[in-house]
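Q:
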Amino acid sequence: MICPNGFDAPPVILFSIDGFKSEYIYREETPNIWKLATASCGVHAPYMRSVYPTTTFPNHYSMATGLYPESHGIIDNSMYDHEHNTEFYLGSPNTMLQFWWGGEPIWVTTSNQGLKSATYFWVGSDVNITRYPDYYKTYDGSVPNEERMYQALDWLDLPKQERPSFIALYLSLVDHTGHVHGPDSPEVNRDLTIADNMVGILMDGLKLRGLENCVNIMILADHGIIVGKSRDENKWPEFDQEHIESQLSCQTEDTRWQVNKLIQHKASLHLVKIRFAFVILQVFSKQTDLPKRYHYANNKRIEEIQLVVDDEWLAGSTNTTTFCDGGMHGYDNEYKSMHALFTGHGPGFKRAYNISEGFDNIELYNLMADLLSITPAPNNGTPGSLYHIMTNPKQ
Numbered sequence: 000m001i002c003p004n005g006f007d008a009p010p011v012i013l014f015s016i017d018g019f020k021s022e023y024i025y026r027e028e029t030p031n032i033w034k035l036a037t038a039s040c041g042v043h044a045p046y047m048r049s050v051y052p053t054t055t056f057p058n059h060y061s062m063a064t065g066l067y068p069e070s071h072g073i074i075d076n077s078m079y080d081h082e083h084n085t086e087f088y089l090g091s092p093n094t095m096l097q098f099w100w101g102g103e104p105i106w107v108t109t110s111n112q113g114l115k116s117a118t119y120f121w122v123g124s125d126v127n128i129t130r131y132p133d134y135y136k137t138y139d140g141s142v143p144n145e146e147r148m149y150q151a152l153d154w155l156d157l158p159k160q161e162r163p164s165f166i167a168l169y170l171s172l173v174d175h176t177g178h179v180h181g182p183d184s185p186e187v188n189r190d191l192t193i194a195d196n197m198v199g200i201l202m203d204g205l206k207l208r209g210l211e212n213c214v215n216i217m218i219l220a221d222h223g224i225i226v227g228k229s230r231d232e233n234k235w236p237e238f239d240q241e242h243i244e245s246q247l248s249c250q251t252e253d254t255r256w257q258v259n260k261l262i263q264h265k266a267s268l269h270l271v272k273i274r275f276a277f278v279i280l281q282v283f284s285k286q287t288d289l290p291k292r293y294h295y296a297n298n299k300r301i302e303e304i305q306l307v308v309d310d311e312w313l314a315g316s317t318n319t320t321t322f323c324d325g326g327m328h329g330y331d332n333e334y335k336s337m338h339a340l341f342t343g344h345g346p347g348f349k350r351a352y353n354i355s356e357g358f359d360n361i362e363l364y365n366l367m368a369d370l371l372s373i374t375p376a377p378n379n380g381t382p383g384s385l386y387h388i389m390t391n392p393k394q
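Number 331 in numbering that gives the first Met the number 0 belongs to position 332 of the sequence shown; there are no gaps in the numbering.
1) Just tell me which of 383, 220, 167 has its CA closest to the CA of residue 340.
2) Could you please give the first and the last residue of the uninterrupted beta strand (DSSP E) stretch that includes residue 83?
3) By the three-class DSSP mapping on this structure, what secondary structure does residue 291 have?
4) Can you tell me where the alpha helix (DSSP H) with residue 70 in it begins and where it stops?
5) Does DSSP classify residue 43 as helix, strand or coil?
6) Is DSSP giving residue 135 helix, strand or coil here?
7) Which whole-angstrom value is the C-beta distance of residue 56 and residue 116, which I expect to be below 8 Å?
8) Can you tell me which of the three DSSP states residue 283 falls into?
9) Return the CA-CA distance between residue 205 and residue 142, expressed in angstroms with no decimal places.
10) Would you call the region 44-55 and the region 94-101 touching, i.e. three or more CB-CB distances under 8 Å?
11) For residue 15, which beta-bridge partners are listed by DSSP?
12) Relative to the C-alpha of residue 109, which residue among 10, 344, 14, 4 is closest?
13) In the DSSP assignment, find the beta strand (DSSP E) that holds residue 307 and state where it starts and stops.
14) From residue 114 to residue 168, what distance separates their C-alpha atoms?
15) Apply the 10 Å Cβ neighbour rule to residue 351 and answer buried if 16 or more other Cβ atoms are within range, or exposed otherwise.
16) For residue 390, I'd like the list of residues in its chain whose CB is within less than 8 Å of its CB, leaving aside the five on either flank, ordered along the chain.
17) Report yes if the CB atom of residue 148 is closer than 7 Å to the CB atom of residue 197, and no otherwise.
18) Under a three-way DSSP split, which group does residue 119 fall into?
19) Is it the case that the region 74-89 contacts the region 363-383, given that we only count it when at least three CB pairs across the two stretches are under 8 Å?
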């Protein structure tokens, strides 16, 4: 393999297609991604396990930091912070406040160690988390997908001393359409084709520059998605919020259900269990009986009582229910429906290597640090856990 001058150290591209569930790769609409994952090209996992909750912000930030949500603080797409008496939700300027964002994302690690980083709409990358990436874009969903690909290629065209060693890219269209129309819809297949074409643009651009085997690229997703059941199929019980003197959250599709969030007294778990006596819903105290594998207790922003709903079902008040018969996520990260895509290609990855089992997305941070030959910040991942997919792992 002969790379152009200045590319002796392969850059890393982290490319997320929001809501690309692991099984989408087997559809005929994704030939470019399929080629990267198979056809003697790269590494493919049967799935990548998301962190709980299986929503966009926690998972993108966990991939970037190697931390569980309870550790980095982005516990959901929407949340409340008692100490600062403020809310975090999509579109709010509050999301730009540094105190929400714990840990050290990979773009900060990269820049702190003398390399340059660039991000295009990755969650948290337009926030001053001790520093900004060297190049970044503030989120604007109207920016054409093609423009994002061409910008990544333009970054690679920069002189060596200005060129980013780490680039993060993000596309939202598959997730958005999956919510509205469901994962098995022709509309999702249409957008899978568009997303796959973006991968094609990127790979064609790399090939034109002689870089197709000189860049380590990961195509992946934050979570899966499943078709939801209509609310008409089940009736939720009435309950008096005044009798639940604490915080309660129900983790399903884009719904963080908070009850009396300003009151910090302990709730009656027994009362809540009586009120929500449904087979499809389990009620847990985060401190006593919430499964440890969720890693979802040790943060003050996490509500005391957690309602865990079976996949396909949606819980929430009528005025917050936005998706009913479309696609939903946010469920238990062990559900197959929540599993996400992972494929890797480049000189740092083995060729034609199928991983026998899925792995946790918090392991990506250490993997990227190894590919970049930098020292990772403290994280929840296991050093060396993905050495088996690398060509020359650091032992």
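Backbone N, C-alpha and C define an ideal beta-carbon position, used for all residues, glycine too. These numbers were taken from a predicted model, which means no experiment stands behind them.
A: A quick look at the data gives this:
1) Along the sequence shown, read from residue 1 onward, the residue named residue 340 stands at position 341. Checked all of 383, 220, 167; the closest Cα to residue 340 is 220.
2) Counted from its first residue, the sequence shown places residue 83 at position 84. Residue 83 -> no beta strand (DSSP E), and no H or E assigned at all.
3) Counted from its first residue, the sequence shown places residue 291 at position 292. Of the three classes helix, strand and coil, the one that applies to residue 291 here is helix, per DSSP.
4) Locating residue 70 in the sequence shown gives position 71, where the first residue counts as 1. Element bounds for residue 70: 68-71.
5) On the sequence shown, position 44 is the one that residue 43 refers to. It is a strand residue.
6) One-based indexing of the sequence shown puts residue 135 at position 136. It is a strand residue.
7) Within the sequence shown, numbered from 1, the residue matching residue 56 stands at position 57. Within the sequence shown, numbered from 1, the residue matching residue 116 stands at position 117. Contact flag wrong, Cβ pair sits at about 20 Å.
8) Counting from one through the sequence shown, the residue named residue 283 turns up at place 284. Strand.
9) To locate residue 205, count along the sequence shown from 1; it is residue 206. To locate residue 142, count along the sequence shown from 1; it is residue 143. Straight-line Cα distance between these residues: approximately 22 Å.
10) no
11) Along the sequence shown, one-based indexing puts residue 15 at 16. Answer by DSSP bridge pairing, in chain order: 169, 219.
12) Walking along the sequence shown from the start, residue 109 turns up at place 110. The shortest C-alpha separation from residue 109 is found at 10.
13) Here residue 307 refers to the residue found at position 308 when the sequence shown is read from its first residue. Segment 304-308, the beta strand (DSSP E) holding residue 307.
14) Taking the first residue of the sequence shown as 1, we reach residue 114 at position 115. Taking the first residue of the sequence shown as 1, we reach residue 168 at position 169. So the two alpha carbons sit approximately 18 Å from each other.
15) Position 352 of the sequence shown holds residue 351. That one is exposed.
16) The residue given as residue 390 occupies position 391 in the sequence shown. Closer than 8 Å at the Cβ level, and outside the excluded window around residue 390, lie 346, 347, 348, 349.
17) Position 149 of the sequence shown, counting from 1, holds the residue named residue 148. Position 198 of the sequence shown, counting from 1, holds the residue named residue 197. Yes, they are a contact pair.
18) Taking the first residue of the sequence shown as position 1, residue 119 is located at position 120. Residue state, collapsed to three classes: strand.
19) no
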